[in-house]
Amino acid sequence: MNNRSLVTIEDYSKEKMLEMIEKAGHFEVHPNSRALEGKIVATLFFEPSTRTRLSFETAANRLGARVIGFADPKATSSSKGETLKDTIKMVSNYADIIVMRHYLEGAARYASEVTHVPIVNAGDGANQHPSQTMLDLYSIYKTQGTLENLNIFLVGDLKYGRTVHSLLMAMRHFHPTFHFIAPEELKMPEEYKVYCRQQNIRYIEHTDFTEETIADADILYMTRVQRERFTDLMEYERVKNVYILRNRMLEHTRPNLRILHPLPRVNEIAYDVDDNPKAYYFQQAQNGLYAREAILCDVLGILNSSEHER
Ligand code: CP
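First residue of the sequence shown: 0, per this note's numbering; consecutive thereafter.
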């Protein structure tokens, strides 16, 4: 793998995460610069996306880079049978960095092994979503003033949810207590629970999602039940609306509680929550722009972006 790729959140040490949070804070104040002038950023999205692709592309544009890529693989030669390896090698002839989302777990790792161009994993199947994790960490830090010793409740699809898998791994440095709230069919996979035990991360599992369960939450991280990950659609129908956060459930929650969601939401957060000051998911998505500006600069080895501010 080329060294600068961001394939998994485990590519970042604790110090690196804190440095990237600081950089995201810088870009929130100074979003526009010429730091990436002359660079070409390729965004290859083999799966649908709104936030990740558009915020990476906005980040590239705000930093003076140019963007090539696709949002619909059906319009590319992969629909004629071109392999991922050949696609990556081709795009490597054109771009300085490749941001890629793919439906296969491990696709980003594989891509990083067949090219010298840095790869940023924008989500690979149910595996990892490290740039989402960086914006999640930035959002948690901004709203809580710390990443340390927080009660973090992960709710919904913990089986296929790559955002919760990445977040759990990132938080190993910060002494969290996790609460996993999921129906039996969507429980946190055993491999991540083993990981928690190995890393001394406390976790408690629940199937109930009630006002009482979430009373001492600092972060309530809601997730969508992802229809596209189910092979059995009957199973999806059974679990799709199992947990719905409603405004009245927040009445006795902690004042510092913030509700996060990687988005898109379907039914899992009722619209009456949106106006609650504890709802933070739209600001969280905005933070994605700043976190991704920091990632693009870092991956491309731009150390001092402030020299290029405009
Ligand atoms: N959070 C996230 O990955 O959103 P998109 O699927 O819209 O990119």
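Heads up, the beta-carbon is just placed ideally off N, CA and C, and yes, glycines get one too.
- Message: Taking 7 Å as the limit between beta carbons, can you name the residues of its chain near glutamine 143, skipping five residues before and five after?
- Response: Mapped onto the sequence shown, residue 143 falls at position 144. For glutamine 143, where only same-chain residues beyond five positions count, the Cβ hits under 7 Å are Leu149, Asp217 and Asn255.
- Heavy atom of the ligand CP less than 7 Å from the Cβ of glycine 68, yes or no? As a position in the sequence shown, residue 68 is number 69, starting the count at 1. Not so, every heavy atom of the ligand CP lies at least 7 Å from the Cβ.
- Query: Got a sec: does the ligand CP put a non-hydrogen atom nearer than 7 Å to the Cβ of threonine 51?
  - Reply: Numbered from 1 along the sequence shown, position 52 holds the residue referred to as residue 51. At least one heavy atom of the ligand CP is nearer than 7 Å to the Cβ of threonine 51, so yes.
- Item | Bounding residues of the beta strand (DSSP E) (the contiguous stretch that carries glutamate 112) | Numbered from its first residue, the sequence shown carries residue 112 at position 113. Glutamate 112 -> not in any beta strand (DSSP E); alpha helix (DSSP H) instead, spanning 106–112.
- Query: Would DSSP call alanine 278 helix, strand or coil?
  - Reply: Position 279 of the sequence shown holds residue 278. Of the three classes helix, strand and coil, the one that applies to alanine 278 here is strand, per DSSP.
- Item | Counted within 10 angstroms of its Cβ, other Cβ atoms place asparagine 199 as buried (16 or more) or exposed | Start at 1 with the first residue of the sequence shown, and residue 199 comes out as number 200. Counting Cβ neighbours within 10 Å, asparagine 199 comes out exposed, since fewer than 16 surround it.
- Task: Report, in whole angstroms, the separation of the C-beta atoms of threonine 51 and arginine 108, which I expect to be a contact under 8 Å.
- Result: Residue numbering aside, residue 51 sits at position 52 when the sequence shown is read from its first letter. Residue numbering aside, residue 108 sits at position 109 when the sequence shown is read from its first letter. About 18 Å separates the two Cβ atoms, so there is no contact after all.
- Return yes when at least one heavy atom of the ligand CP lies under 7 Å from the C-beta of glycine 122, else no. Position 123 of the sequence shown, counted from the first residue, corresponds to residue 122. The beta carbon of glycine 122 sits closer than 7 Å to at least one heavy atom of the ligand CP.
- What are the partner residues of isoleucine 180, as DSSP defines its beta bridges? Taking the sequence shown and counting its residues from 1, the one referred to as residue 180 is at position 181. Paired residue(s): Val154 and His205.
- Message: With a threshold of 7 Å (Cβ to nearest heavy atom), would serine 165 be considered close to the ligand CP?
- Response: Against the sequence shown, residue 165 aligns to sequence position 166. No - the ligand CP has no heavy atom lying nearer than 7 Å to the Cβ of serine 165.
- Expected contact under 8 Å - CB spacing of arginine 253 and aspartate 271 to nearest Å: Sequence index remark: in the sequence shown, residue 253 carries index 254 (1-based). Sequence index remark: in the sequence shown, residue 271 carries index 272 (1-based). At roughly 20 Å, the Cβ-Cβ gap does not stay under 8 Å, so arginine 253 and aspartate 271 are not in contact.
- Using alpha carbons as the reference points, say which of Thr145, Glu292, Lys158 and Val40 lies closest to phenylalanine 229. Here residue 229 is taken as the residue at index 230 of the sequence shown, counted from 1. For phenylalanine 229, the nearest C-alpha among the options comes from Lys158.
- Query: Are there 16 or more other CB atoms within 10 angstroms of the CB of histidine 128, so buried, or fewer, so exposed?
  - Reply: Translated into positions along the sequence shown, residue 128 becomes position 129. Buried: at least 16 other Cβ atoms inside 10 Å.
- Compare the Cα-Cα distances from asparagine 266 to each of Thr57, Asp156 and Val116 and report the closest residue. Residue mapping note: residue 266 aligns to position 267 of the sequence shown, counting from 1. The candidate whose alpha carbon is nearest that of asparagine 266 is Asp156.
- Query: Between the stretch 55–68 and the stretch 33–42, do three or more beta carbon pairs fall short of 8 Å?
  - Reply: Judged by Cβ distances under 8 Å, the stretch 55–68 makes contact with the stretch 33–42, as three or more pairs qualify.
- Item | With 16 other Cβ atoms within 10 Å as the buried cut-off, status of leucine 103 | Translated into the one-based positions of the sequence shown, residue 103 becomes position 104. Flag for leucine 103 reads exposed.
- Who are histidine 101's beta bridge partners in DSSP? Within the sequence shown, residue 101 is the residue found at index 102, counting from 1. Answer is Asp123.
- Can you tell me the Cβ-Cβ gap for arginine 247 and lysine 277, rounded? I've got them flagged as a contact below 8 Å. In the sequence shown, residue 247 corresponds to position 248, counting from 1. In the sequence shown, residue 277 corresponds to position 278, counting from 1. That pair is no contact at about 13 Å.
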